[in-house]
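Going by the working numbering, the letters in the sequence shown line up with residues 12 to 402, in that order.
Since the structure comes first, as structure tokens, the remarks are kept for the end.
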Amino acid sequence: MEIPVLNEIMRDTVVEVDLDRIAFNVRQIKAMAGPGTQVAAVVKADGYGHGALGIAPAIMENGASLLAVATLSEAVELKQAYPRYPVLIMGLTPDRLLPYVLEYGIIQTIDTLAQARLLNRLASEKRQQAVIHIKYDTGFHRIGFPDCPESLDEIRQICTMPWLKPEGIYSHLALKDDESNQVQFRCFMDAVTELEREGCHFPYKHIADSIAAVDFPEYRLDMIRAGAIVYGLKGFHKGQLDIRQALTFKTRISHITPVFKGQGVSYDYLWTAPRDTRVAALPFGYADGYPRNLRGKAMVTLRGKQVPVIGIICMDQCMIDLTDVPDAQIGDQVIIYGDGTGNTLDIDAVSRLAGTNKNEIVSRLTRRPPRVYVGGENVRTADYFPERMTP
Ligand SMILES: *Cc1c(COP(=O)(O)O)cnc(C)c1O
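Below, the structure written as structure tokens:
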């Protein structure tokens, strides 16, 4: 029997993404950046859980000029779907995988002379230029050429390699405080000035992520790397940027059961009913990317009321107490988290309850819940396998 390709939404638990909001946010970011500063939209970790393939057109058609990811597989997935969008890998790619970078025309971050030489050789064999961005370490101590004269000498050598096109040079801020940012920024500008004086030329010099781009206009340079703000997640403190959260995580009640006073719910009976009540099962759990450590803290929104998630959060399901919503029924929609309107918890609130940051809450969403795209021209869905996306 042939297995049919399923374009239906196969589950009641979905990640809904408002493409109009993504588009709005990118237009706001581009307006903030101004005409002299390009916007690289960071869509690593499957577009911070929103589904990189589903949101890429809304991003690129509203002011971004580059998509930035962390890994080769993320870049290849985007290039297969959208060969014309420029894609930068901000992480390092192992030597043995460099042929893929050329094959797909991906822009690669480089931070060693040895790998630059190898890529130059592979590119010359293919007679195809490789576009690169040089990573310079100004103190984060993650990746990048260390800040020293030998590095400048090596970068100068890279600039003379005939099959490499060093289109950018960049660094990343630790964001410890204003003073340490300034130390890193000066270090970066000193290195770049020195390199440019000696004949290197980099069209895109960049150092600002979302927070730095909003809070420190002087750090925007030729390009900003905007991640969180594309999705409407605000981590900045000083600047202003009107953006809207685009993601809502929702489900529907799958089952309702009576629970009598003193009876337990879920593993280890860590929750016992203080009174006779009804308990609803919801078909989502930690395997969907919902933090298991929200036990005893999580609230979800049902019929406009916040109701508590009770007991241990299971891999695929969790339970809520229906005491405050006595007329709830199987099939009722439940907002796991939304944008804060309609009495929902927003991603910021959930991240605080879970003791983490907003980026972690969304980037850990797995591919199991289908993505549903609303806004834009029409509703589209992506269920687990991106190739199943329907027009
Ligand atoms: C993830 C990442 C970004 C984007 O970070 P946000 O804080 O989400 O804007 C920018 N630059 C690099 C190098 C990154 O890894």
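Built from N, CA and C at the ideal position, the CB exists for glycine as well.
Option in Tyr96, Asn131, Gly102 with minimal Cα separation from leucine 113: Ranking Tyr96, Asn131, Gly102 by Cα distance to leucine 113 puts Asn131 first.
Own chain residues within Cβ distance below 6 Å of valine 270, not counting five before or after: Result list for valine 270: Ala284, Thr288, Val290, in chain order.
For glutamate 72, three-class secondary structure by DSSP: Glutamate 72 falls in the coil class under three-state DSSP.
Reduced DSSP secondary structure (H/G/I, E/B, other) of glycine 353: Secondary structure of glycine 353 (DSSP, three-state): helix.
Histidine 144 to isoleucine 218 span [Cα, whole Å]: So the two alpha carbons sit approximately 12 Å from each other.
Which residues DSSP lists as bridging cysteine 329, in chain order: BP columns for cysteine 329 point to Leu293.
Isoleucine 33 versus Ala134, Tyr215, Gly243, residue with shortest Cα-Cα distance: With distances taken between Cα atoms, isoleucine 33 lies closest to Gly243.
Residues bridged to arginine 263 [DSSP beta-bridge criterion]: Answer by DSSP bridge pairing, in chain order: Gln344.
C-alpha gap between glutamine 126 and methionine 172, whole angstroms: In a straight line, the C-alpha of glutamine 126 is about 12 Å away from that of methionine 172.
For isoleucine 40 and glycine 74, the rounded distance between their alpha carbons: Rounded to the nearest angstrom, the two C-alpha atoms are 8 Å apart.
Top-ranked residue by Cα proximity to phenylalanine 227, from Trp282, Asp188, Ser265: Measuring C-alpha to C-alpha distances from phenylalanine 227 to each of Trp282, Asp188, Ser265 identifies Asp188 as the nearest.
Element boundaries [beta strand (DSSP E), containing glutamine 49]: From DSSP, the beta strand (DSSP E) with glutamine 49 extends over 49-53.
Integer Cβ distance of tyrosine 115 from alanine 79, believed to fall under 8 Å: The Cβ separation is near 15 Å, so there is no contact.
Residues near ligand 1, criterion Cβ-heavy atom distance below 5 Å: Any residue whose Cβ sits closer than 5 Å to a heavy atom of ligand 1 makes the list: Val53, Met101, His183, Asp220, Ser221, Arg236, Gly238, Ala239.
Leucine 93 versus Tyr111, Ala67, Leu83, residue with shortest Cα-Cα distance: The amino acid occupying residue 93 in the given sequence is tyrosine; leucine does not appear at that position. Looking at the Cα atoms, Ala67 is the closest of the given residues.
Leucine 78 - containing beta strand (DSSP E), residue span: Its beta strand (DSSP E) spans residues 77-80.
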